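**Q** My questions all concern the structure below.
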Amino acid sequence: MSATKAQLSHRRLIGMVRKESLQILRDPSSIAIAFILPVVMLLLFGYGVSLDAKDVRIGFVIETPDSVTSDIRAAFAQSDYFVPVTFHTIQKAEQAMRQREIDGIVWMQSDFSHRLHNGSGAPIGVIVNGVDANQARITEGYILGAWQTWLTHYSERRGLPQAFPIALEQRVWFNPAVRSRDFLVPGLVAVIMTLIGALLTALVVAREWERGTMEALLVTPIHIRELLMGKLIPYFILGMGGMLLTVAMAVWQFDVPLRGSFLVLLAASALFMLVALAMGLLISIVAKNQFVAGQVAIIVTFLPAFILSGFIFDINSMPTAIQWLTHLIPARYFVAILQTVFLAGNVWAVILPNAAALALMAFIFLMLVRRKAGKRLE
Amino acid sequence: MLQHILALIIKEFLALLKDKRSRFVLIGPPIIQLVVFGYAATFDLDRVPFAVYDEDNTALSHRLTDRFAGSETFELVSHITHDAEIAPVIDHKHALLVLHIGPRFSDDLAAGESASLQVIVDGRNSNTALLALNYVRTVLLDFSAEWAQEQQRPPPPAILVTRAWYNSNLVSQWFIVPGIIGLLTLVVSLLVTALSVAREREEGTFDQLLVTPLRPVEILIGKSVPGLIIGLLESTFIVLVTLWWFEVPLRGHIDALYLGLLLFLLANIGIGLMISSLAVTQQQGLLGAFLFLVPAVILSGFATPIANMPEAVQYLTLINPMRYFMVIVRGVFLEGAGYELLAAQYWPMAVIAFFSLSSAGWLFRRRMY
Amino acid sequence: MSEATSPAIQFTGLSKSFAGARPVVALDQLTLQVGRGKVTGLIGPDGAGKTTLMRIAAGLLLPDTGDIHVLGEDMREASLQVQSRIGYMPQRFGLYEDLSVQENLDLYADLQGVPPAERDARHRELMRMTGLAPFTARLAGRLSGGMKQKLGLACTLISRPEVLLLDEPTVGVDPVSRRELWAIVYRQVKEQHMSVLLSTAYLDEAERCDDVILLHEGKLLGQQKPADFSAPMQGRVWAVHAALGKRRLQQQLDLNPAVLDALTEGRQVRVVTHDSHTPPDTLIAGLPGAHIEAVAPRFEDAFIARLQQHKLTPSTLTSTPPQSPSSDDNAVIQASELSRYFGDFIAVNKVSFDVKRGEIFGLLGANGAGKSTTFRMLCGLLPVSSGSVRVAGVDLRSAASQARARIGYMAQRFSLYGNLSVQENLNFFASAYGLSGKVKRERIRASMDDFELTPFAGSAALTLPLGFKQRLALAAALMHRPEILFLDEPTSGVDPLARREFWWHINALAESGVTVLVTTHFMDEANYCDRLVIMADGEVLAEDSPEQLRARFHKTGEEEASMEDAFIALIEQHQQREAAA
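The listed protein sequences correspond, in order, to chains A, B and C. Each position in the first sequence, counted from 1, maps to that position plus 5 in this note's numbering. Each position in the second sequence, counted from 1, maps to that position plus 3 in this note's numbering. Each position in the third sequence, counted from 1, maps to that position plus 104 in this note's numbering.
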C-alpha cells in the first residue's frame, strides 16, 4: 500500500505548477523581476559600461610651433581617440591635468625640431594620468600607435632608414574592432540572470513560510519532490523568458554577433538558469524568511558575479587563490560559454567543460535543496 | 530634544547590534569582500599565455621568443608548427595570443627591410586583448632598439618619454582598492538604513513611535546617526586596510577624505531612509535598496570610466552620490587633491543628502497607507 | 490493534522539547487517546503544548520519545499515507490570497488526490455549507476574516478526511462566523462520522465538545466530559447583585479571601469561591443592597479553579488624575462624522461617538468592520478622509508633539522592540516620553514590580511568553501616566487567565480616572465596558451600555441574553436591512 500511495502523482504536480503559475500571473512583481528588470539593467549597463576610451582629451604643449610639430598634432587629431587641446607652456597643461580637464599631455620642447633634424633622438614627453591605470594604459597604447604611424610616414618622406625594423601585423580575432561592448554584453547577460534567477526563487519558499501556507501544504500527502518541482518548473519558464529577452537584446539592440548556434546557447542558458534557481531555492529554504532570503540572495549573487565571474576582470590575472575561489561562482562558467558562443562560435573545448561544471553545480544545489527541504517542521 | 535623540540612538544601536544576523551582515561580508575584491578586481595582465609559431627558426627568432617568454607579463605555453594549429590554440583558450614569426623574418631584418611579425589575439575579452597588444608593442620596441644598437643603426629621430602621474607603475589595485572604500561604504550604509523604517512599520513599532511625543526630525536624526557612526567606523577600517595592507599611498589630507565620506554617508543614509519610508514591507525596502545599489555601483566610475558612457547615461550619473565620492577618494589618495580641487564633488553630495533626508523625514508621517 | 477499532489518535509516552536560548519542554510524557466519531477539545493556557501536540499528530514534528499512532498507523513511518486521510488546519491557515476561492479549492483537491469526477459535487456541497457559493471567483485575500477561515476549513475537508485537526480555528473570528464554523464541524462529525481534535482558547467552545483534554505546561491535567469537569464546582459559584458600580463591586468581592475569582457579567458579578463550604452571606457582608444566588457552574469555573495558581493581588496601578481639564464638557474623545476611504472602498462611514472622562469605552465589531481604521484615526496614525476627531481637545495628527504625551497606546500586535530586553524597552519608552533621572528610574522599577517583570528584565522581549509580552506592552504604554489609554485588541490570542489579569489592571486604571478606549472581539470582555459601539461595514450599528444592549435582545421567558447573542442579533438585523435595500 505504501508503494502506491507514496508514489509521485501527476495530478499533485500539475496542481502545484498551476497554482504557482497563477500566483506569478497575479503578482506583477515576479513578472517585473523576470522581464522588466533585466531589460532595464541591460539597457543601462550595456550602454553605461564601456572600457573603450574615446575622446581622450590630450593637452599638446608645443613650445615652438612649426611645420613638424603641427604635423605631429595633426597625426594625433586624425585618430578617433583623441581630442587635442593646445597649451603653450607645460605649467598650464599640468594645471589643467590636475584639475582633471585633460587626461594626458604630449609635450614637445622648444628644441624639438632642431634635435629631430639632428637625428639625435628628439624626446616627446608623454604624461598620462595614472589614477585609472587601465585607462592610462589604453591611452598610452593609443599615443604609442599614433607616434609610430607618424614616425613611419616621416621616415619614408625624408628617405630615412626604417624607423621600426619590425612591422607588427596584429589580428584581433572574434572582435576585430576591439569593441568592449561585444564582450561586456554577453557577460552582463550572465550577471543579470544570476541575480534574476536567484531573486525569483529566493523569495518563493520563504514567502510560503511567512504567510503560513507552508504548514497547510506540508500536511497534504504531497511529496517533497513534487513541491520543489512545482516551484522550479514555472519559475524556470519565467526565467528562460527573461533570458531569451536579454539574448535578443544583445543580438539586435547591441549588435553583438552570435556566431555559435542558438541551440547551444539555449541549452547552456537552461543549465545556468537551473543553477541560479536552485541556488535561490536553497537560500529560501534555509532562510525561511523573505527578508533574510533577499539579503542573502543579493550578497551572494550580485557582487561576486560582478567581480569574480570574469565578466569584466580577467580571471587569469587574479592571484591563484582567488582564481580557485572563482570556481565556486556559477556565473563564471556561464560567462565563459556566453563569450565563446557569441563571439567565437561553437567551440566545444570551451563549452563542454564549462557546461559540465554548470551541470555539476546544478546537481549539487538540487541535492542540497532536496536534503534541506523536508516534510517536517524541524 | 537631546535626550529624545539619545534614547533613539541607543535603541537603534541595540536593535542593530543585538541581532547576531545583522551584526554579521554588517561585519562579515564587507571584510571578505574587501580582501577578495581587492585582489580579484584587477585589469593588470599577468602571465598571459602565448604560443609561438616560429617558421624562421633562427638564433634571432629564438631571441625574440625568449624576450617574450622572459618577461613577467607573458608565459610561453606551446610551440606551433602548422598554420592549422593556430585556430584551436586560440579557440580553446590555451593561449591568449599567438606570435607568428614568418620564414623570412631574420633575412628581412638583416637586409634592412621591414620584417613582419604577426600577432593573433583572442578578442573575446577586448580589454585584455588591447592591453596584451600594448605589451607586445612595448616588448617589440625594446627588442628592435636593442637590435638597432647592436647593428650600429641610428636610433629613431624622435622617441617617446612616457611618465604616468600619480601611479607611475600603473598598478590597477591603486585605482580599484580606494574605489572599494566607496563601494562597501555604500552597501553598509544602505543596508543599515534602507530597512530600518520598513522593519519598524512591519513590526508595528513605528506606530508606537509616532504616538509618543517624538518629533519627525528627532526620529530622522535618531535613525541617521547610527548609520553614520557605523559607516564611519567601517570605512575607517577599510581605509586603514587600504593603507597598510594594500599599501596604496595617501598623498592628500585625511580631512578632505573624511569631509567627502561624511557627505557621502549622509547622502546614502538619506536615500536609504527615503526608500525605507516609501516601502510598506521590508521586502520592498530590500528590493528598493537593491534597485538603487546595482546601478549606483555600475554607473559610478568604480570599474569603468563615466567619460566612456553615452551622454544620456552620463547625465543620469549626476544623481549618484557614489560618482562624486569615487573622484574624492581617488583624488585624496593618489592625486593629493585638497578642498579647492574637490569642491565640485562636495556640493552635489550635500544637495543630494539634503533633499533625500528632508523627504525621508516628511514621509515618516505623511505616507498614506 | 486492528485499524477499525483503534482510537483516532493514540499518543503514548510522548515527549518533545525545543532547544534554544531557553530550552522548552513542550510535551512531557503524554499518554492520551482521541476517540473516533466525536469532537475532542484541547484546552490549556499559553505554552501548554497544544500546537506542538497538533503538529505531531499531523506529522509535521517528530516526538523526541514516545509513539504516535493516527488511525492505527505509526506516524514515524507512514506519515505520507496518513496525511492523505487526515485534514489539518493550522492556526493561520495559509490560503493563497492571490488565488480565487475556486482555485484554492482546486489546489487542495489536486494535492489531496480527489478524483476529478467527484470534485464538482464535493465543491458544491462545501460551498453551500460554508455559504461561499456566491464568492467562488473572488480572490481569497478579499474575503473577510470569517470567510477566510471557512474557506480554510473547506480546503481541509475537501477529501473527506477521517480525522480532522483544528488548531485554534476561531481565533480572531467574529461570533457570527464562529457559530457557522462550529455548525460545519458538527455536521461532519454527525454525517461523516469524522473524528475531530480541536484546540481553542474560548472556554465556551470547550463546553460544546464531547470530550476535553486539559493540558498545562506539557502535562495532562485531565481528560473528561466538560460536564464532569464542572461537576465538582457545584456550590462554589454565585451571582452577586449590589447597589455599587460594577467595577467597584468586582474589586470588593475580589478582596474577600474566600473568593477565588470574581467576574463582571452584565450588572452582576459572578463569584467562584475556594471551597463549597463558604456561607454565601459572608460574601456579601458589608455590600450595600446586595443579594446573592447560587448559579450552575460552567467549564470556565473549573478551568480557573484548576489553573489559577495564585490569586491576583489588588492592582496598584493608578494614573495621575488629569492635570488640566482640556475641555469643559466631559467628552475626552470625540469623533464626529468620521469617514475613511481607501480608493473606492469605504472603510469607515460617518462614525460619531463621544467618550467621557474615566470611562471604559469599547469598539466592537467583526473583522473588517472598521474598528481598527477608526482606532488609528483617533490616535492620529491615519489621516481622516472627512469628519473630525478630537482627543483631549486636539487632533493628534496635527497637534504639537507634547499633546501625544497625554495618551498611551497599545497596538493590536505586540509592537515593542523584539530583540531589546525588557529593561531596554522600558528605558527607551520612558525617555521617548521625556522622563529622566530619578523619576525615570523609579517609574521603571515600579512598573517592573507592578507587572512582575523583574525576573525577565534582561531577556529579549521577543522571547517572553505571550502573557508577559502583553504586560510589557501595557507597562510601556503607561510609563508616562497617560490620561487616555488606547488599546487595540489588547487580548487577541491571549489565554483566559492572562486576559483576566489584564482586565484587572485596566479596571484599576479606570477607577483612578483614566479614560480607556478599547477594541475587542471577545464578547465577554464587552462586559467590562461602561459603554460601547458595535460596528459593521464601517458603520455604527448601536451605541449603548452593555447592560442595555443585552436587555434589548432579551426575550421573555428565556435566560438573559449574552453579549454574544446581542451582537449576533444586531449583525443579523443589519444584514437583513442590507439585503432588503
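All C-beta atoms, glycine included, are put in the ideal place defined by N, C-alpha and C. Quick caveat, the model's predicted, so the values are computed rather than measured.
Look at the alpha carbon of S551 (chain C) and the alpha carbon of L20 (chain B), and state the distance between them as a whole number of angstroms.
**A** On the third sequence, residue 551 (chain C) is found 447 positions in, with the first residue counted as 1. On the second sequence, residue 20 (chain B) is found 17 positions in, with the first residue counted as 1. The alpha-carbon atoms of S551 (chain C) and L20 (chain B) are separated by roughly 26 Å.
**Q** Nearest to D271 (chain C) by CA position, among C:V280, C:K329, C:Q195, C:Q328, is which residue?
**A** Counting from one through the third sequence, the residue named residue 271 (chain C) turns up at place 167. Taking only the C-alpha atoms, the option nearest D271 (chain C) is C:Q195.
**Q** So, using beta-carbon positions, are F108 (chain B) and S147 (chain B) closer together than 8 Å?
**A** As a position in the second sequence, residue 108 (chain B) is number 105, starting the count at 1. As a position in the second sequence, residue 147 (chain B) is number 144, starting the count at 1. Against a cut-off of 8 Å, the Cβ pair of S147 (chain B) and F108 (chain B) comes out as no contact.
**Q** List the residues that DSSP assigns as beta-bridge partners of H320 (chain C).
**A** Position 216 of the third sequence, counted from the start, is the residue given in the question as residue 320 (chain C). In the DSSP output, where bridge partners are listed per residue, H320 (chain C) has C:K323.
**Q** Shortest alpha-carbon distance to E201 (chain C) belongs to which of C:T304, C:D171, C:M251?
**A** Locating residue 201 (chain C) in the third sequence gives position 97, counting from the first residue. E201 (chain C) has its Cα closest to that of C:M251, out of C:T304, C:D171, C:M251.
**Q** Check for me: the beta strand (DSSP E) holding W342 (chain C) runs from which residue to which?
**A** Looking up residue 342 (chain C) in the third sequence gives position 238. From DSSP, the beta strand (DSSP E) with W342 (chain C) extends over 341-345.
**Q** Start and end of the beta strand (DSSP E) containing K659 (chain C)?
**A** One-based indexing of the third sequence puts residue 659 (chain C) at position 555. Looking at the DSSP string, K659 (chain C) is not in any beta strand (DSSP E), and its letter there is neither H nor E.
**Q** For the beta strand (DSSP E) containing H103 (chain B), list its first residue and its last residue.
**A** Translated into the one-based positions of the second sequence, residue 103 (chain B) becomes position 100. From DSSP, the beta strand (DSSP E) with H103 (chain B) extends over 100-104.
**Q** Verify the CB distance criterion: does D57 (chain A) have a CB-CB separation below 8 Å to chain F?
**A** Absent here is chain F; the protein component of the structure consists of chains A, B and C.
**Q** Where does F50 (chain A) fall in DSSP's three states?
**A** Position 45 of the first sequence, counted from the first residue, corresponds to residue 50 (chain A). Note: F50 (chain A) maps to helix in three-state DSSP.
**Q** Closest to I356 (chain A) by C-alpha separation, out of A:M372, A:I369, A:L373, A:R337, would be which residue?
**A** Locating residue 356 (chain A) in the first sequence gives position 351, where the first residue counts as 1. Residue A:R337 is the option with its Cα nearest to I356 (chain A).
**Q** Suppose the cutoff is 6 Å on Cβ atoms and the five residues either side in sequence are ignored; what does the same chain contact list for D432 (chain C) look like?
**A** Translated into positions along the third sequence, residue 432 (chain C) becomes position 328. Because D432 (chain C) carries a pLDDT of 45, less than 50, the predicted location of this residue cannot be relied on, and the following value inherits that uncertainty. Here the set comprises nothing.
**Q** Using a Cβ-Cβ cut-off of 6 Å (strictly less than) and excluding sequence neighbours within five positions of I160 (chain A), which residues of its own chain qualify?
**A** As a position in the first sequence, residue 160 (chain A) is number 155, starting the count at 1. One point to set straight first is that residue 160 (chain A) is Ser, not Ile, in the sequence displayed. Answer for S160 (chain A): A168, listed in chain order.
**Q** Would you tell me roughly how many angstroms separate the C-alpha atoms of S430 (chain C) and G497 (chain C), rounded to the nearest one?
**A** Locating residue 430 (chain C) in the third sequence gives position 326, where the first residue counts as 1. Locating residue 497 (chain C) in the third sequence gives position 393, where the first residue counts as 1. Summary for S430 (chain C): the model assigns pLDDT 47, below 50, so the residue's position carries little reliability, and this model does not support an answer.
**Q** Express the C-alpha separation of A132 (chain B) and L99 (chain B) in angstroms, rounding to a whole number.
**A** Position 96 of the second sequence, counted from the first residue, corresponds to residue 99 (chain B). Position 129 of the second sequence, counted from the first residue, corresponds to residue 132 (chain B). Spanning the two alpha carbons is a distance of roughly 8 Å.
**Q** May I ask you to list, following chain order, the residues of the region 12-33 of chain B that have a beta carbon less than 8 Å from some beta carbon of chain C?
**A** Flagged, chain order: I13, K14, L17, A18, K21, D22.
**Q** Scan the region 159-190 of chain C for residues whose Cβ lies nearer than 9 Å to a Cβ of chain A and list them as they occur along the chain.
**A** Within the region 159-190 of chain C, the residues whose Cβ lies closer than 9 Å to some Cβ of chain A are R159, A162, G163, L164, L165, L166, E181, A182, S183, L184, Q185, V186, Q187, S188, R189, I190, listed in chain order.
**Q** Could you tell me the alpha carbon to alpha carbon distance between A11 (chain A) and E181 (chain C), rounded to whole angstroms?
**A** The residue given as residue 11 (chain A) occupies position 6 in the first sequence. The residue given as residue 181 (chain C) occupies position 77 in the third sequence. Per-residue confidence for A11 (chain A) stands at a pLDDT of 46, beneath the threshold of 50, marking its modelled position as unreliable; the derived number appears in the next sentence. Whole-angstrom Cα-Cα distance: 12 Å.
**Q** Identify the contact partners of P194 (chain C) in chain A, using a Cβ-Cβ distance below 7 Å as the criterion.
**A** The residue labelled residue 194 (chain C) in the question sits at position 90 within the third sequence. What P194 (chain C) touches in chain A: G217, E220, A221.
**Q** Using 8 Å as the limit for Cβ to Cβ distance, is P5 (chain A) near chain C?
**A** Any question about residue 5 (chain A) goes unanswered here, given that chain A covers just 6 to 383.
**Q** Cutting at 8 Å between CB atoms, please list the residues of its own chain near N321 (chain A), excluding the five before and the five after it.
**A** For the purposes of this step, residue 321 (chain A) is identified with residue 316 of the first sequence, where counting begins at 1. Same-chain partners within the cutoff: Q328.
**Q** Could you check what DSSP says for A80 (chain A) in three-state terms: helix, strand or coil?
**A** Counting from 1 along the first sequence, the entry for residue 80 (chain A) is found at position 75. Helix, per DSSP.
**Q** Taking the beta strand (DSSP E) that D49 (chain B) falls in, what are its first and last residues?
**A** The residue labelled residue 49 (chain B) in the question sits at position 46 within the second sequence. Neither: D49 (chain B) is in no beta strand (DSSP E) and is coded neither H nor E.
**Q** Pick helix, strand or coil for D125 (chain B), following the three-state DSSP scheme.
**A** In the second sequence, residue 125 (chain B) corresponds to position 122, counting from 1. In this structure, D125 (chain B) counts as strand in the three-state DSSP scheme.
**Q** By alpha-carbon positions, which one of C:K350, C:S616, C:R283 ends up nearest to K686 (chain C)?
**A** The shown model of chain C, from 105 to 685, leaves out residue 686 (chain C), and the question about it has no answer.
**Q** What are the residues that DSSP puts in a beta bridge with W168 (chain B)?
**A** Here residue 168 (chain B) corresponds to residue number 165 of the second sequence, with the count starting at 1. Paired residue(s): A:N134.
**Q** Does the beta-carbon distance from F267 (chain B) to F178 (chain B) come in below 8 Å?
**A** Here residue 267 (chain B) is taken as the residue at index 264 of the second sequence, counted from 1. Here residue 178 (chain B) is taken as the residue at index 175 of the second sequence, counted from 1. Not closer than 8 Å, so no.
**Q** Can you list the residues of chain B that R517 (chain C) reaches, using a CB-CB cut of under 9 Å?
**A** Position 413 of the third sequence, counted from the start, is the residue given in the question as residue 517 (chain C). Simply E206, G207.
**Q** Pull up the CB-CB distance for P43 (chain A) and I201 (chain A), whole angstroms please, since I reckon it's below 8 Å.
**A** As a first step, residue 43 (chain A) is located in the first sequence; it is residue number 38 there, counting from the start. As a first step, residue 201 (chain A) is located in the first sequence; it is residue number 196 there, counting from the start. Their Cβ separation, rounded to whole angstroms, is 6 Å, which keeps P43 (chain A) and I201 (chain A) in contact under 8 Å.
**Q** Rounding to the nearest angstrom, what Cα-Cα distance links T109 (chain C) and G141 (chain C) in this structure?
**A** Mapped onto the third sequence, residue 109 (chain C) falls at position 5. Mapped onto the third sequence, residue 141 (chain C) falls at position 37. If you take the alpha carbons of T109 (chain C) and G141 (chain C), they lie about 12 Å apart.
**Q** Answer yes or no: do R402 (chain C) and L325 (chain C) have a C-beta to C-beta separation smaller than 8 Å?
**A** The sequence position of residue 402 (chain C) within the third sequence is 298, counting from 1. The sequence position of residue 325 (chain C) within the third sequence is 221, counting from 1. No. Outside cutoff.
**Q** Could you tell me the alpha carbon to alpha carbon distance between L222 (chain A) and Q292 (chain C), rounded to whole angstroms?
**A** Within the first sequence, residue 222 (chain A) is the residue found at index 217, counting from 1. Within the third sequence, residue 292 (chain C) is the residue found at index 188, counting from 1. Distance between the alpha carbons of L222 (chain A) and Q292 (chain C) is about 22 Å.
**Q** Restricting to runs no shorter than 3 residues, where is the beta strand (DSSP E) found entirely within the region 250-335 of chain C?
**A** List check, beta strand (DSSP E) in window: 267-271, 299-303, 315-320, 323-328.
**Q** Under the three-state reduction of DSSP, which class applies to D432 (chain C): helix, strand or coil?
**A** Start at 1 with the first residue of the third sequence, and residue 432 (chain C) comes out as number 328. Because the pLDDT at D432 (chain C) is just 45, under 50, the model does not fix this residue reliably, and the value given afterwards should be weighed accordingly. Coil at D432 (chain C), not helix or strand.
**Q** Y537 (chain C) CB to nearest chain A CB: under 8 Å?
**A** To locate residue 537 (chain C), count along the third sequence from 1; it is residue 433. It does not; no Cβ of chain A falls within 8 Å.
**Q** Is the beta carbon of Q412 (chain C) sitting closer than 8 Å to the one on L367 (chain C)?
**A** Reading the third sequence from its first residue, position 308 is the one you call residue 412 (chain C). Reading the third sequence from its first residue, position 263 is the one you call residue 367 (chain C). For Q412 (chain C) and L367 (chain C), no; Cβs fall outside 8 Å.
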